[in-house]
């Protein structure tokens, strides 16, 4: 509940540029003391700052993508997402320990992993859990935490603590958008914390992103573009991004 509220408040500030605590209380039916308790998480977004009696954008021309519901995102570019997830599954090998990120492209991967021997999957996403649970070849580890209903994912300190106990051979990551300047971004501050931890504990990082994510920026950066080892997408990026990725020895695979 708190996770959803924080994400919704952040979106509310971005849409309105400048809001008072009273407006937040009225729109979300919460007390000022609740808003004040949420402030530390809300202000993790570097473009938000506290003012006397409210919150404002530092850069009011910022027009980033907001978090949309899992079902809304799932119907966007569905053919591309299926092709990308199927391509990503070909990278998985016997005895791998992998992380599958929360996202409407990544979760389809589970449908193509039924032939991999002794595969271990860590995930914080309910959809991945449901899809992978039916395969006996998969050792499935679910992260605990607070459920974010917008993304069907578990977030919070307990999720991060669990991830730190594992060393993963590959991480298959999702994104709301990426660019050379802003890196790989995500709409949820709490999910971004988990993604950063996954990046630090994984030997190889594979980013799954359809072409609508090119040169697009969301609320928070969870890693630099150069931290990625492989980009799987539906078409070749523009020359600037392509040259940057090749220069950093990042492989581009077209689904």
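In full-length UniProt numbering, the protein residues as written are 1 to 255.
Beta carbons are placed, not taken as given, at the ideal position from N, Cα and C, and that holds for glycine.
Starting from the Cα of residue i, find the closest Cα among the options and give me that residue.
i, options, result
"residue 19", "2, 221, 3, 42", "42"
"residue 40", "240, 207, 254, 190", "190"
"residue 150", "165, 125, 163", "125"
"residue 138", "127, 115, 157, 50", "115"
"residue 166", "48, 120, 32, 183", "120"
"residue 29", "8, 188, 14, 16", "8"
"residue 85", "5, 13, 112", "112"
"residue 221", "208, 24, 47, 27", "47"
Given that a residue counts as buried once 16 or more other Cβ atoms are within 10 Å of its Cβ, and exposed if not, what is residue i?
i, result
"residue 174", "buried"
"residue 67", "Reliability of the predicted coordinates at residue 67 is poor, the pLDDT of 47 falling under 50, and the value obtained from them is presented with this limitation in mind. Classification for residue 67: buried."
"residue 129", "buried"
"residue 259", "Nothing about residue 259 can be read from this structure; the chain reaches only from 1 to 255."
"residue 246", "exposed"
"residue 168", "buried"
"residue 131", "buried"
"residue 70", "Only weak support is given to the placement of residue 70: the predicted model assigns it a pLDDT of 44, under 50, and the question is left unresolved by the model."
"residue 95", "exposed"
"residue 243", "exposed"
"residue 109", "buried"
Pull up the CB-CB distance for residue i and residue j, whole angstroms please, since I reckon it's below 8 Å.
i, j, result
"residue 88", "residue 232", "5 Å"
"residue 107", "residue 198", "With 8 Å as the limit, residue 107 and residue 198 do not qualify as a contact, their Cβ atoms being about 15 Å apart."
"residue 201", "residue 164", "7 Å"
"residue 216", "residue 230", "Not quite, the Cβ-Cβ distance comes to about 19 Å (not below 8 Å), so this is no contact."
"residue 213", "residue 172", "Not quite, the Cβ-Cβ distance comes to about 15 Å (not below 8 Å), so this is no contact."
Measure the CB-CB distance between residue i and residue j and report whether it falls below 9 Å.
i, j, result
"residue 210", "residue 58", "no"
"residue 206", "residue 97", "no"
"residue 225", "residue 192", "no"
With a threshold of 9 Å between beta carbons, is residue i in contact with chain E?
i, result
"residue 185", "Note that chain E does not occur in the displayed structure, where there is just one protein chain."
What residue does the beta strand (DSSP E) around residue i start on, and which one ends it?
i, result
"residue 222", "220-223"
"residue 121", "119-123"
"residue 153", "153-155"
"residue 99", "97-100"
"residue 171", "168-173"
"residue 50", "48-51"
How is the alpha helix (DSSP H) around residue i delimited, first residue to last?
i, result
"residue 33", "32-42"
"residue 228", "Note, residue 228: premise wrong, no alpha helix (DSSP H); not H, not E."
"residue 82", "78-89"
"residue 192", "189-200"
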